[in-house]
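In terms of our numbering, the sequence shown has 184 at position 180, counting the first letter as 1, and numbering is strictly consecutive. All C-beta atoms, glycine included, are put in the ideal place defined by N, C-alpha and C. None of the values given here were measured: they were computed from a predicted structure. Below: the structure, in structure tokens.
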Amino acid sequence: MQIIERLQGVIERTYDLQSPHRVTDFLVTNPQFARDFGFRPDGVGGTERVIVSEEDGSLDLAVYLDEQIVSRLRDDNPLNNLNDGNLAAFWTALEGVSHFVYLVWNALHRRQVTRLEMELQAEVDKFVTTALLVAAQQGGRVPPELHGWLFELWRLDETLGEEEADRYVRANRYAGRYCRRLSRQYLQNGANSMFPEIRRFYRFTQRRKLRHIERNPA
């Protein structure tokens, strides 16, 4: 599971975070565990899920990742060479790790988190982390198609309920607007130039995140 722990390290370094908890201590790949919590790992989009339970002020969580996702990343490490063969698995695992890091960071700061907020930040994390990784591996170059890959070519799971589908659509729309601004204002000058902006954004509440995006159009 070293690759999953390294993904946590990438996110924490990107946003200048510190956490006493390792995602690998909460990681499960057994599909029966997911089924026991009402999640269908054999369904559409069933390769990743963060399972959260809160009771009497304590937070219990687990990060489920399909074993094939973990194996693919172990055999073809995207942190060494991100390519077409491991990109989908990389984004799937990164989303789960992103949720974990965001939940833990906010819990440590005694802040509540909404599902919309988690999905929005995860979409931003995928864009930012991919841009930084590709830039490091390709001499500073970030492909201009990256924004379209993440925010225009995605497809909504048709099995989702109305409320959940609406949440994913809103998260994608807001994250897409924010990341287009990042592309235009920062990536042309080098991916590292966006650190002050994205670290500040990470620490915003959901309300401030949405307001920031609405007031600063791409």
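Apart from the five residues just before and just after residue 119, which ones in its own chain have a Cβ nearer than 7 Å to its Cβ?
The beta carbon of residue 119 is closer than 7 Å to those of 171 in its chain, skipping five residues each way along the sequence.
How about residue 78 and residue 7: do their beta carbons lie closer than 7 Å?
A contact, by the Cβ cut-off of 7 Å.
Per DSSP, what are the beta-bridge partners of residue 57 in this structure?
DSSP lists 64 as partners of residue 57.
According to DSSP, which residues form a beta bridge with residue 31?
DSSP lists 67 as the beta-bridge partner residues of residue 31.
Let me know the secondary structure DSSP gives residue 156 once reduced to three states.
Reduced to three states, the DSSP call for residue 156 is coil.
Quick one: residues in its chain with C-beta nearer than 7 Å to the C-beta of residue 128, no 5 flanking neighbours on either side, listed in chain order?
Setting aside the 5 residues that flank it on each side, residue 128 is surrounded in the same chain by 179, 182 and 183, each with a C-beta closer than 7 Å to its C-beta; the list follows chain order.
DSSP puts residue 52 in a beta bridge; with which residues?
Paired residue(s): 69.
Which listed residue (122, 70, 143 and 189) has its alpha carbon closest to that of residue 36:
The option with the nearest alpha carbon to residue 36 is 70.
Could you tell me the alpha carbon to alpha carbon distance between residue 32 and residue 17, rounded to whole angstroms?
Rounded to the nearest angstrom, the two C-alpha atoms are 24 Å apart.
Grab me the residues of residue 89's own chain with a C-beta within less than 7 Å of its C-beta, minus the 5 sequence neighbours each way, in chain order.
Cβ within range, chain order: 80.
Measuring straight from C-alpha to C-alpha, what distance separates residue 117 and residue 192?
So the two alpha carbons sit approximately 32 Å from each other.
Taking DSSP as the reference, what is the three-state secondary structure of residue 22?
Coil, per DSSP.
Where residue 225 falls: helix, strand or coil (DSSP)
For the chain, the structure presents residues 5 to 222; residue 225 sits outside this window and is missing.
Have a look at residue 188 and residue 212 and give me their C-alpha separation to the nearest angstrom.
C-alpha separation (whole angstroms): 21 Å.
Quick check on the burial criterion: 16 or more other C-beta atoms within 10 angstroms. Buried or exposed for residue 82?
Buried: at least 16 other Cβ atoms inside 10 Å.
The alpha helix (DSSP H) with residue 86 in it runs from where to where?
Element bounds for residue 86: n/a, residue is neither H nor E.
Give the straight-line distance between the Cα atoms of residue 219 and residue 122, rounded to the nearest whole angstrom.
The straight-line gap separating the alpha-carbon atoms of residue 219 and residue 122 is approximately 21 Å.
Which runs of the alpha helix (DSSP H) at least 4 residues long sit entirely within the segment 81-135? Give them in chain order.
You should have 91-112.
With 16 other Cβ atoms within 10 Å as the buried cut-off, status of residue 125:
Buried: at least 16 other Cβ atoms inside 10 Å.
Cut-off 7 Å between Cβ atoms - residues of its own chain near residue 224, not counting five sequence neighbours on either side:
Since the first and last residues shown for the chain are 5 and 222, residue 224 lies out of range.
Using 8 Å for Cβ pairs, my map puts residue 109 next to residue 21. What's the rounded Cβ distance?
The pair is a contact, with the Cβ atoms about 6 Å apart (cut-off 8 Å).
Residue 47 to residue 72 span [Cα, whole Å]
Below a pLDDT of 50, predicted positions are generally treated as unreliable, and residue 47, at 49, falls in that range; no measurement from the model is reported.
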